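In full-length UniProt numbering, the protein residues as written are 1 to 160.
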Amino acid sequence: MIISKLSQRRRSSRKPDAAECYMCNVNIELESTDSFATCRGCEKLVCRGENCCQWVESIGIWECTGCQSNRVIQQKAGEWLLNQLTARLKQPGPVELKEANLLGLGLDTDDARSTTSSTVSANQRIKVREFIEELLSTMLHGPLDDVSVGQLMKHESCKY
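Rendered as structure tokens:
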């Protein structure tokens, strides 16, 4: 009851022509159209501060920093996935992790150098798995526990 009265007071005390930046919560004057932008990713109002939104020249849109970082991650993930699928189509079966692949996954160079192309340490497997899980949960906007995946392909070396 008290909370609803407070929220009603806040709503009535705000100017109808004012809004808040989605990123930094600074008041935005809607009459001054050059002081804010609408993010094309999430459709939220953001101020044109460096830390809140940027003009993406290549695609001609304003994007908040959150959507921009998500777009970059999705772009990298898409490129990685395309490379993996292309490699899988050329040679079905288990994929060997080589030094060049490991260095791109945020693994320490010492870890990558200590491995040969045929053996991967348990620590490296954990790091790769965590990287992929984080990447996918970001792309799916939620935990992987909520996603169901069927069998992708049948192969005699696949145990699951």
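Cβ coordinates follow ideal geometry from the N, Cα and C atoms, glycine included. All values derive from a computational prediction rather than experimental measurement.
{"Asked": "Inter-residue Cα distance where the pair is Ala-19 and Cys-52", "Found": "15 angstroms"}
{"Asked": "Contact check, Leu-35 vs Cys-47, beta carbons under 8 angstroms", "Found": "The displayed chain sequence assigns Ser, not Leu, to residue 35. A contact, by the Cβ cut-off of 8 angstroms."}
{"Asked": "DSSP three-state assignment for Cys-21, whether helix, strand or coil", "Found": "coil"}
{"Asked": "Which of helix, strand or coil DSSP assigns to Gln-91", "Found": "coil"}
{"Asked": "Runs of beta strand (DSSP E) lying entirely within the stretch 16-80, each at least 3 residues, in chain order", "Found": "18-20, 27-29, 36-38, 45-47, 53-56 and 61-64"}
{"Asked": "Cutoff 8 angstroms; reference His-141; Cβ partners in own chain excluding five residues on either side", "Found": "none"}
{"Asked": "Delimiting residues of the alpha helix (DSSP H) encompassing Glu-134", "Found": "122-140"}
{"Asked": "Proximity to Lys-154 [Cα-Cα], best of Leu-135, Arg-88, Ala-37 and Asp-145", "Found": "Arg-88"}
{"Asked": "Distance CB(Trp-55)-CB(Arg-40) smaller than 8 angstroms", "Found": "no"}
{"Asked": "Nearest-angstrom beta carbon gap, Leu-30 and Thr-38 [assumed within contact, 8 angstroms]", "Found": "Rounded, the Cβ-Cβ distance is 11 angstroms, inconsistent with contact."}
{"Asked": "Distance, Ser-137 Cα to Val-120 Cα", "Found": "24 angstroms"}
{"Asked": "Short Cβ contact (8 angstroms threshold) for Gln-21 with Cys-42", "Found": "The sequence as given places Cys at residue 21; Gln does not occur at that position. Not closer than 8 angstroms, so no."}
{"Asked": "Presumed contact (8 angstroms Cβ cut-off) between Ala-77 and Leu-144, rounded CB distance", "Found": "Contact flag wrong, Cβ pair sits at about 14 angstroms."}
{"Asked": "Within 8 angstroms, strictly: CB atoms of Met-139 and Gln-74", "Found": "yes"}
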